[in-house]
Amino acid sequence: MAESRTSSVKPATFAELPALLSSAPHRLLFLAGAIAVLLSMAWWAVELTWMRFGLGGWPQPSIPPGWAHAMVIQYGLFPLFMFGFLLTVFPRWMNLPALSRRHYVPVAASVFGGYVLANVGLVGMPWLVKAGFIVMLAGYLIGTTILGRVLLAASNRIDHAKSCLLALGLGCVGLVAFLVYLFGGPETCALLAIHIGTFGLLLPIFFTVTHRMLPFFSGNVVKDYHVVRPRWSLPVVWVLLLGHLLMEWRGLLAWRWVVDVPLALVFAWHAVAWQPWKAMRPGILAVLHLAFAWLPIAFVLYAVQDVIYATRGELLFMRAPLHALAIGYFGSMLVAMVTRVTMGHSGRPLQMGKIAWLCFALLQIVALLRIRAELGGDVYLWLVIAAYGWLVAFLPWVLRSAWIYLTPRRDGKPG
């Protein structure tokens with residue numbers, strides 16, 4: 003019966019696509035995120051090419067290109083996937099009914115719509131950049147409010163939900179700070195927004211979701227696996243990350259080791275406590291552990307950088323720790339977690355598959371290339387190579403994922 007249902011499933015017609023895409027939060031928001039994965043890096047790759055080789059007539063953004071790159075990726079690209087995931091799992095975490103179209107469609111339309119406007123505005127239309135971030139903020143406020151109501155309605159308000167909601171609230175603050183800068187405020191507002199994006203929005207949510215899901219998935223698959231999910235680590239990590247954020251923003255680099263050394267130890271402890279050596283099969287579980295390994299690596303780099311700066315006044319590695327975090331951890335975990343959700347929620351076997359493995363493997367190389375760019379030589383050439391490497395790594399994965407989101411479940415179930 004299962005085989006007959008699967009074989010009878012046909013691609014949706016154009017008229018059926020709106021209902022299909024809006025049938026579950028992850029379909030609409032993951033598809034938007036998949037588009038953003040290519041759109042954001044395509045603009046950045048061309049921009050870097052202009053910086054390194056020169057491109058006659060290439061329009062420049064009205065804000066520093068590096069700031070634009072940081073903002074559209076941190077507040078646009080990754081959060082599309084995060085909202086798709088959280089709007090799906092929040093009710094499940096707290097045993098409440100699933101959210102309906104009227105809840106998640108406005109979030110997707112606003113966050114993705116604002117993201118697209120901001121990206122288009124980067125090619126010489128500053129008013130579109132402002133409009134884009136205003137619309138994006140509206141999407142954040144709608145999504146955060148909806149998730150907040152789910153939390154308030156729950157009898158078991160779990161720590162992971164509270165942590166994610168706090169991070170989204172900080173994301174709203176970051177967008178407001180950036181809009182203040184766009185409308186004439188000081189540059190320090192833009193820097194605050196960028197640092198909030200990394201250490202107040204993305205990293206807290208990525209770590210919170212990993213903290214909840216990685217031991218859970220491992221315990222479901224691995225025999226005699228000891229599930230470790232300490233309650234102390236979320237508040238400890240939050241306090242340390244907020245310390246890092248404030249020191250980074252205020253330029254107190256000589257004191258950043260006070261928080262980064264403990265963060266490196268906490269993340270390394272989790273990496274060991276989650277027993278990755280037991281979880282190398284199947285591949286769709288292994289990639290979660292391999293992706294998480296980048297987090298302690300990134301903060302070991304931060305800690306070494308901090309100690310050297312505090313003792314010798316030299317800033318080594320430059321942005322290498324940041325990109326070990328952003329490409330290594332965020333990027334790899336994105337591929338690992340989104341592939342798992344996509345396969346499971348489309349009625350397919352929970353397997354990585356060749357395309358996902360290729361994307362994951364190439365992304366590890368891209369992370370190493372981006373780190374290499376900070377070690378001297380022709381820096382912009384290495385940046386160009388890494389940017390186009392991202393596009394090569396993700397293109398097959400995006401096309402495969404988009405096909406899944408645009409077709410009905412293989413098992414014939416709704417959603």
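For the sequence shown, my numbering assigns the number 417 to the last residue and increments by one with no breaks. Where a beta carbon is used, it is the ideal one built from N, C-alpha and C, also for glycine.
With a beta-carbon spacing of about 15 Å, L57 and L385 fall beyond the 8 Å limit used to define contacts. About 5 Å separates the beta carbon of I144 from that of V109, a gap short enough to meet the 8 Å contact definition.
Here DSSP, grouped into helix, strand and coil, assigns G116 to helix.
For G253, the three-state secondary structure derived from DSSP is coil. Per the coordinates, the alpha-carbon of G417 lies some 25 Å from the alpha-carbon of H162. Residues L364 of the same chain have their beta carbon placed closer than 7 Å to that of V394, with the five preceding and five following residues left out of the count. In the same chain as S348, and ignoring 5 residues on each side of it, the C-beta atoms closer than 7 Å to its own belong to I406, R411 and R412, in chain order. Contact holds between the region 129-140 and the region 175-193, because three or more Cβ pairs, one in each stretch, are under 8 Å apart.
Y311 sits away from A47, with the two beta carbons spaced by 8 Å or more.
When the beta-carbon positions are compared, G202 and A179 stay at least 8 Å from each other. Considered as a whole, the region 8-95 harbours 19-23, 27-55, 67-74 and 80-95 as its complete alpha helix (DSSP H) runs of no fewer than 4 residues, in chain order. From the listed residues A120, R103 and F32, the smallest Cα separation to W69 is found for A120. Cβ neighbours of A266 within its own chain (closer than 8 Å, five residues either side excluded): P298, F301, V302, Y304 and A305. With a cutoff of 8 Å on beta-carbon distance, M335 and F219 are scored as not near each other. Judged by DSSP in its simplified three-state form, K132 adopts helix. Leaving aside the five residues that flank R374 on each side, the residues in its chain whose CB is nearer than 6 Å to its CB run, in chain order, W384.
Scanning the region 139-217 from its first residue to its last, the whole alpha helix (DSSP H) runs of 4-plus residues come out as 161-184 and 189-198. Beyond the five residues adjoining it in sequence on each side, K164 comes within less than 8 Å, by CB distance, of L153 in the same chain, given in chain order. Per DSSP, the continuous alpha helix (DSSP H) segment holding W259 begins and ends at W259 to A275.
Rounded to whole angstroms, the separation of the alpha carbons of R402 and L360 is 12 Å.
Its chain contains D161 as the residues whose beta carbon lies nearer than 8 Å to that of R233, once the 5 sequence neighbours on both sides are disregarded; these appear in chain order. Excluding sequence positions up to five before and after V125, its CB lies within less than 6 Å of the CB of P61, all in the same chain and listed in chain order.
If you check the CB distance, E376 and A322 come in under 8 Å. With a cutoff of 8 Å on beta-carbon distance, I286 and R231 are scored as not near each other. For D226, no alpha helix (DSSP H) segment is defined, and its DSSP state is neither H nor E.
Burial is judged here by how many other beta carbons sit within 10 angstroms of a residue's own beta carbon; V289 has at least 16 and is buried.
In the same chain as M320, and ignoring 5 residues on each side of it, the C-beta atoms closer than 6 Å to its own belong to E376, in chain order. When secondary structure is reduced to three states using DSSP, M335 falls in the helix class. If the five residues before and after V337 are omitted, its C-beta is found closer than 6 Å to the C-beta atoms of C361 and F362, all from its own chain and listed in chain order. Per DSSP, S348 lies in no alpha helix (DSSP H) segment and is marked neither H nor E.
Taking the C-beta atoms as reference points, Y106 is found nearer than 8 Å to P27. The beta carbon of P128 is closer than 7 Å to those of S64 in its chain, skipping five residues each way along the sequence. Put simply, the backbone Cα of A256 is about 11 Å away from that of H246. Rounded to whole angstroms, T409 and D380 show a C-alpha spacing of 45 Å. With 16 or more other CB atoms across the displayed protein chains lying within 10 angstroms of its CB, S42 is buried.
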